[in-house]
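Input: a single structure, listed below in structure tokens.
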Amino acid sequence: MVVIVLVSIELTYFCIEKTNNLLDIDMGMKISFEQARLDHLAWMHRMRHLLDGKIELQENEIVSHLQCRLGKWFESEGRDEFGHLDEIQKFDVKHVKLHKLAKEIYIENNQGNRAIAEELFIDLSTTSQEIVALLNEAETKLNIGIEEVAEREIPVKLIDDAAPWDKSNVLVVKIQPNNEIEYVNAFFTQVFGFENKDLIGKNLNSILHPDVPKSIEKIILDLNSKTEKTTKILKFVTYNGKFIWAIADFIPTVTNGVTTDLTLKLSGVNNAILAKFIIPLYEEVKLIEAKKGESSGLLFLNNFLEERNRTMDEYVQNLIMTGRDSIKSAEKRSWFGKLFNINL
-7 MVVIVLVSIE LTYFCIEKTN NLLDIDMGMK ISFEQARLDH LAWMHRMRHL LDGKIELQEN
53 EIVSHLQCRL GKWFESEGRD EFGHLDEIQK FDVKHVKLHK LAKEIYIENN QGNRAIAEEL
113 FIDLSTTSQE IVALLNEAET KLNIGIEEVA EREIPVKLID DAAPWDKSNV LVVKIQPNNE
173 IEYVNAFFTQ VFGFENKDLI GKNLNSILHP DVPKSIEKII LDLNSKTEKT TKILKFVTYN
233 GKFIWAIADF IPTVTNGVTT DLTLKLSGVN NAILAKFIIP LYEEVKLIEA KKGESSGLLF
293 LNNFLEERNR TMDEYVQNLI MTGRDSIKSA EKRSWFGKLF NINL
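Position one of the sequence shown corresponds to residue -7 (my numbering), numbered consecutively onward.
Written out as structure tokens, the structure reads:
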């Protein structure tokens, strides 16, 4: 038993040292639920726009608390890591209530019962404010004792060259599993400057910015035949040469177990996440690809993710929801256990 513990400790130190060579994981990094709050507020704007007749939503877009981005992250690892906090336990209850209210609002509004829908929206707004307050309180409590560290400065170009975009509007692109574009919505054309006729039949890669590594493009294409929703953070180029960074949710349409097409929904991403994590990672991968080729870039990415005990999707979801880079603790096996395929 002593030998096993010592070997496990040595392997842990080895893995931490190896990890620090792969864009350091800062285990003392502060938790930030900022992107979760931004996502939530954008969602509330869309519910308001629905009642005001500015947008239309399908019933399947009013997803359950288990299917929204925040809920999926919470069930996969958030509950295990933060569920001991009273604030998070209260948040869980409020989050369930929020989605039930949203569905009721959708039904009443769809049936023409506007007054009832507006009454429900008041309750929804109150619940939303309570959720934001609970996330704020949890964030404050989790960060007690963690010293401030110098933040990576957000590049001026990140803001100055970006195309203007009202983040309460979701940009939609429909694609085939081979990345061929079928359709873009009106919000997309407003931001990008392209119209459907400009893009129909073209490859999604044609609007990806050159800063996106080829390795990431390959991961997207490989995952497009899967039947599960996937999430990336991507940089796109607009018609006039500007760009947008976006959280890109790839939502498959599955028929008889086969993905027939995908709806790509683009939503806003916190600049701090870009500056601290995504841009440095993409720059590193691009440099490796330039020196040693795409296969070496993929190998680096695989090692990078293995050190964090996450898939690419899980890595992105963790950044979005916590604003930090960390090793996954939920259902995590020790490094010793991983090597010998045992749970400890």
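Glycine included, C-beta positions come from ideal geometry on N, C-alpha and C.
According to DSSP, simplified to helix, strand and coil, what is W157?
W157: coil per DSSP, three-state reduction.
Can you tell which of N262, V183, G260 and L213 has its C-alpha closest to the C-alpha of Y231?
When each option's Cα is compared against that of Y231, the closest is V183.
Identify which residue in H87, Q50, L49 and I54 has its Cα closest to the Cα of E67.
Considering only alpha carbons, the answer is H87.
Please classify P202 as buried or exposed, where buried requires at least 16 neighbouring CB atoms within 10 angstroms.
When all chains shown are included, P202 counts as exposed.
Using a Cβ-Cβ cut-off of 7 Å (strictly less than) and excluding sequence neighbours within five positions of E51, which residues of its own chain qualify?
If we look at E51 and ignore the five residues flanking it on each side, its Cβ neighbours are Y98.
Quick one: is F180 buried, meaning 16 or more other Cβ sit within 10 Å of its Cβ, or exposed?
F180 comes out buried.
Is it true that the CB of N171 sits closer than 8 Å to the CB of N135?
It is not a contact, given that the beta carbons lie outside the stated cut-off.
Tell me the rounded alpha-carbon separation between K64 and R71.
Using only the alpha carbons, I get a separation of about 10 Å.
Check F25 in the structure and name its three-state DSSP category.
In this structure, F25 counts as coil in the three-state DSSP scheme.
Span of the beta strand (DSSP E) holding S259?
Its beta strand (DSSP E) spans residues V250 to S259.
With distances taken from CA atoms, which of E111, L215 and D153 is nearest W237?
Here the closest residue by C-alpha is D153.
Do L311 and I271 have their C-beta atoms closer together than 8 Å?
Contact flag unset, no.
Decide if the region 70 to 84 is in contact with the region 37 to 53; the criterion is three or more beta carbon pairs, one per stretch, under 8 Å apart.
No: the two stretches stay apart, fewer than three of their Cβ pairs being nearer than 8 Å.
Give me whichever residues DSSP pairs with N195 in a beta bridge.
Answer by DSSP bridge pairing, in chain order: E172.
What residues in its chain sit with their C-beta under 8 Å from that of K133, if we drop five residues either side in the sequence?
Closer than 8 Å at the Cβ level, and outside the excluded window around K133, lie L77 and E79.
CB-CB under 8 Å to D253, same chain, minus the five flanking residues each way: which ones, in chain order?
The answer, listed in chain order, is K166, I167, Q168, P169, E174, P244 and T245.
Between L258, I208, I199 and S198, which lies nearest to N161 when the distance is taken from Cα to Cα?
The residue with the shortest Cα to Cα distance from N161 is L258.
Just list the residues that DSSP pairs I225 with in beta bridges.
DSSP output for I225 lists I239 as bridge partner(s).
If we call anything under 8 Å between Cβ atoms a contact, is Y274 one with V204?
Going by C-beta atoms, Y274 is nearer than 8 Å to V204.
Let me know if T314 comes out buried or exposed under the rule of 16 or more other beta-carbons within 10 Å of its beta-carbon.
Its Cβ being crowded by 16 or more others within 10 Å, T314 is buried.
When the Cα atoms are used, what is the spatial distance from I239 to F292?
Distance between the alpha carbons of I239 and F292 is about 22 Å.
Identify, in the order they occur along the chain, each residue of the same chain with its Cβ nearer than 6 Å to the Cβ of I54, setting aside the five sequence neighbours on each side.
Excluding residues within five positions, the ones whose Cβ falls inside 6 Å are A94, K95 and Y98.
Quick one: is the Cβ of N135 within less than 7 Å of any heavy atom of the ligand MG?
The ligand MG is not among the ligands present in this structure, which contains no ligands whatsoever.
May I have the straight-line CA-CA distance separating N12 from E306, to the nearest angstrom?
Summary for N12: the model assigns pLDDT 45, below 50, so the residue's position carries little reliability; its value from the coordinates is reported in the next sentence. For N12 and E306, the distance between alpha carbons rounds to 19 Å.
In terms of residues, what are the limits of the alpha helix (DSSP H) holding I312?
Per DSSP, I312 belongs to the alpha helix (DSSP H) from M304 to T314.
Quick check on V164: does DSSP put it in helix, strand or coil?
Strand.
Could you give the C-beta distance for H91 and H57, rounded to a whole number, given that I count them as a contact under 8 Å?
Contact flag correct, Cβ pair sits at about 4 Å.
If I measure Cβ to Cβ from S207 and keep anything under 7 Å in the same chain, skipping five residues before and after, which residues do I get?
Excluding sequence neighbours, S207 sits near V277, E281, E286, G289, L290 and L293.
Check for me: the alpha helix (DSSP H) holding S288 runs from which residue to which?
E286 to E299 is the span of the alpha helix (DSSP H), which, as asked, contains S288.
Taking only the alpha-carbon atoms, compute the straight-line gap between L215 and E111 and give it to the nearest angstrom.
Whole-angstrom Cα-Cα distance: 42 Å.
Among residues of its own chain, excluding the 5 on either side of G104, which ones have a beta-carbon nearer than 7 Å to its beta-carbon?
Cβ neighbours of G104 beyond the five flanking positions: none.
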